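*Asks:* I am attaching a structure below and will ask some questions about it afterwards.
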RNA sequence: GCAGGUGUAAUCUAGUGGUCAGGAUUUUAGCCUUCCAAGCUAAUUACCCGGGUUCGAAUCCCGGCACCUGCACCA
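Residue numbers (the numbering used here): 9 to 577.
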């Protein structure tokens, strides 16, 4: 086994059609990559695997929302604020600073200043580099969202989404209704997102246009247990808690019992993530879950665990599982005025007695004419504590009105309360598809001393499942192999037919792109109707009757071990 | 964005201010070949882009772009 680095893997990816640098004939653009034929197929395979877990097994609903969104969505989400930092750089030591942080003592609210004003303020007060006392650059805007205009002329300001999650949050009322108004329910979205990164690096690890698979699970804030958690209590996981930042292995049950992971729901989806990644082809020995440090956790997050894979770049975040609390929905409630709550029905309705205003509609009518109904409704909704000096001040359609007590009585009312409105909390497993894909490729890559490259992709991820070869392209062997190839493709199995050059070269070609199985039709087929199936990882072969071949192949692809098969055939 | 390094074919690379560049792998066609990158013959493909210096630049200089490393950024 030879040492290798990400460059070797990227070379192979380009050579064999997994990943190409985008716009290469024009010199390329940093942070943009295209998927080639094999890459696209593999990406589709990973998506289908993920979808089968979230949509089929866990019952999430899937949507596909717009990439372009109006400015207000990203004001609500916080991205407009957090993506547009004003920065200055020290001309001497090259350190970068948030411009508003440097102006903290010079202005009551520097965060609210425009770029121009902040620039003027810093210049006027002769602010210099706090580290080395060097001169500072002009104030520069770092806008990490791609801005665009919606419509002709001045249009409306729009942005390309920096994450797919917001499309789910803004559809919350529709999805809540679709889920028949019951918690918990979850929604997923798979799609592209855009961040105008300052410095894209490390191949496809930091991209300006990337693919996300995000799930948003809406749960009752008062109940973060998870029924299916008991099924996975005894599964082990490697954790790096933020308390001492040391890696420990424990079961999910222990992690929750000891408070390492905050609650069952987060823990369960860390498990879902772990099992997905391993089935996708991430090496379990190079996978761990690291808890965000307090300082790196978003202020609204209750807990957050990143799946990290060990790549030649170092430990790299590939999935984040966060408890975002009620933050997103609360923000969208503020900005949109929409009702993004869930109605939590009590097991037994509560009888409540309370004091309330009872409007005298007979008097309200002549006095307030057309507005009397609205005044009455406002009175009914108002709290009796507002009553002062024989009058009450209430808000009617945004206008404050003073209503003397001759227009109402104060009475004791009995109310039956069936439940309460709550803003659901959100558990978000967010997957960087491109990073996961690259991790699968790098973890699958092996190269021996003879420079023989073998990609140990899992059967789920492999873009080609079976290579089909005639031992020689003559004597009807090729015809026979072609029939097998077509039969397998009709069964929905992705094959690759190859009759060129020597058989060894064809095996090598398939090994290099991670094809798990190869079928070779040799002369024995004319004697007993059998062909050989070759296992990529061991190069071993078994003879299998042509009849029933597809069933055997399907079993192998589903995970039956090659060894078990040898006994069976 | 800053600093340093790099840029020759699909991939890995040799090379020099002076015959429009050599090798290996790959690919394609043919010969050969009864199971793991065999051999033979032939073919296709490259000096990142733009400007400058020079009689002459792939080579030296400047600018751009891309990649690598470090810094910064990473909601």
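Each residue gets a CB set at the ideal place from its N, CA and C atoms; glycine is no exception.
All values derive from a computational prediction rather than experimental measurement.
Using three-state DSSP, classify residue 554 as helix, strand or coil.
*Replies:* In the structure shown, residue 554 sits in coil (DSSP, three-state: anything other than H, G, I, E or B).
*Asks:* Based on the DSSP output, what are the partners of residue 52 in its beta bridges?
*Replies:* DSSP lists no partner for residue 52.
*Asks:* Just confirm the distance between the C-beta atoms of residue 221 and residue 198, as a whole number of angstroms; I'd bet it's less than 8 angstroms.
*Replies:* Their Cβ separation, rounded to whole angstroms, is 5 angstroms, which keeps residue 221 and residue 198 in contact under 8 angstroms.
*Asks:* Mind reading off the beta-carbon distance from residue 84 to residue 339? Whole number of angstroms is fine, and I expect it under 8 angstroms.
*Replies:* Right, their Cβ atoms sit about 5 angstroms apart.
*Asks:* Output the boundary residues of the beta strand (DSSP E) element that contains residue 299.
*Replies:* First-last of the beta strand (DSSP E) with residue 299: 295–299.
*Asks:* Taking the alpha carbon of residue 22 as the reference point, which residue from 565, 520 and 568 has its own alpha carbon closest?
*Replies:* Checked all of 565, 520 and 568; the closest Cα to residue 22 is 520.
*Asks:* Determine, using beta carbons only, whether residue 472 and residue 504 come nearer to each other than 7 angstroms.
*Replies:* It is a contact, given that the beta carbons lie within the stated cut-off.
*Asks:* Using 8 angstroms as the threshold, is the region 389–404 in touch with the region 361–373, meaning 3 or more CB pairs across them?
*Replies:* Output reads yes: the region 361–373 touches the region 389–404.
*Asks:* Using the C-alpha atoms, what's the distance from residue 355 back to residue 49?
*Replies:* Residue 49 and residue 355: Cα-Cα distance of roughly 49 angstroms.
*Asks:* Is it the case that the Cβ atoms of residue 216 and residue 229 are separated by a distance below 7 angstroms?
*Replies:* No, these two residues do not count as a Cβ contact at 7 angstroms.
*Asks:* Quickly, what does DSSP pair residue 351 with across the bridge? List them, please.
*Replies:* Residue 351 is bridged to 429.
*Asks:* Taking Cβ positions, are residue 538 and residue 549 nearer each other than 7 angstroms?
*Replies:* No, these two residues do not count as a Cβ contact at 7 angstroms.
*Asks:* By DSSP's criteria, residue 214 is part of a beta bridge. Which residues make up the other side?
*Replies:* DSSP, once it has assigned bridges, lists no residue as partnering residue 214.
*Asks:* Where are the alpha helix (DSSP H) runs, 4 residues long or more, that stay fully inside the region 250–326, in chain order?
*Replies:* Here the runs fully enclosed are 260–265 and 272–288.
*Asks:* Kindly indicate which three-state DSSP category residue 549 falls into: helix, strand or coil?
*Replies:* Strand.
*Asks:* Given residue 418, which residues of its chain have a CB within under 8 angstroms of its CB, disregarding the five upstream and five downstream residues?
*Replies:* Correct list, in chain order: 363, 364, 365, 366, 392 and 395.
*Asks:* Straight-line CA distance for residue 449 to residue 560?
*Replies:* Distance between the alpha carbons of residue 449 and residue 560: 26 angstroms.
*Asks:* State the Cα-Cα distance for the pair residue 210 and residue 321, rounded to the nearest angstrom.
*Replies:* About 7 angstroms.
*Asks:* Looking at the structure shown, is residue 454 part of a helix, part of a strand, or coil, going by DSSP?
*Replies:* In the structure shown, residue 454 sits in a strand (DSSP, three-state: E or B).
*Asks:* Can you tell me whether residue 523 is helix, strand or coil according to DSSP?
*Replies:* Residue 523: coil per DSSP, three-state reduction.
*Asks:* For residue 67, which option in 250, 465, 186 and 212 has the closest C-alpha, if you only look at C-alpha atoms?
*Replies:* The residue with the shortest Cα to Cα distance from residue 67 is 186.
*Asks:* Report the rounded CA-to-CA distance for residue 243 versus residue 33, giving the unit in angstroms.
*Replies:* The alpha-carbon atoms of residue 243 and residue 33 are separated by roughly 49 angstroms.
*Asks:* Quick check: residue 412 and residue 226, are their CB atoms within less than 7 angstroms of each other?
*Replies:* Taking 7 angstroms as the Cβ cut-off, residue 412 and residue 226 do not qualify as a contacting pair.
*Asks:* According to DSSP, simplified to helix, strand and coil, what is residue 41?
*Replies:* Reduced to three states, the DSSP call for residue 41 is strand.
*Asks:* Where do the ends of the alpha helix (DSSP H) carrying residue 69 lie?
*Replies:* No alpha helix (DSSP H) holds residue 69; the beta strand (DSSP E) holding it covers 69–71.
*Asks:* Figure out for me which residue from 386, 410 and 405 has the closest Cα to the Cα of residue 397.
*Replies:* For residue 397, the nearest C-alpha among the options comes from 410.
*Asks:* Could you please give the first and the last residue of the uninterrupted beta strand (DSSP E) stretch that includes residue 486?
*Replies:* Premise fails: residue 486 lies in the alpha helix (DSSP H), 485–498, not in any beta strand (DSSP E).
*Asks:* Using 10 angstroms around the beta-carbon of residue 475, count the other beta-carbons present and answer buried if the total reaches 16, otherwise exposed.
*Replies:* Classification for residue 475: buried.
*Asks:* In chain order, which alpha helix (DSSP H) runs of at least 4 residues are fully inside the region 373–447?
*Replies:* Fully enclosed alpha helix (DSSP H) runs of 4 or longer: 380–389.
*Asks:* Report yes or no: do the region 329–348 and the region 397–406 share at least 3 C-beta pairs separated by less than 8 angstroms?
*Replies:* Contact between the region 329–348 and the region 397–406 is absent, because fewer than three Cβ pairs lie under 8 angstroms.
*Asks:* Note down the Cα distance separating residue 496 from residue 302, rounded to an integer number of angstroms.
*Replies:* Answer to the nearest angstrom: the Cα atoms are 53 angstroms apart.
*Asks:* Can you find at least 3 beta carbon pairs, one from the region 158–168 and one from the region 37–47, that sit closer than 8 angstroms?
*Replies:* No, the region 158–168 does not touch the region 37–47.
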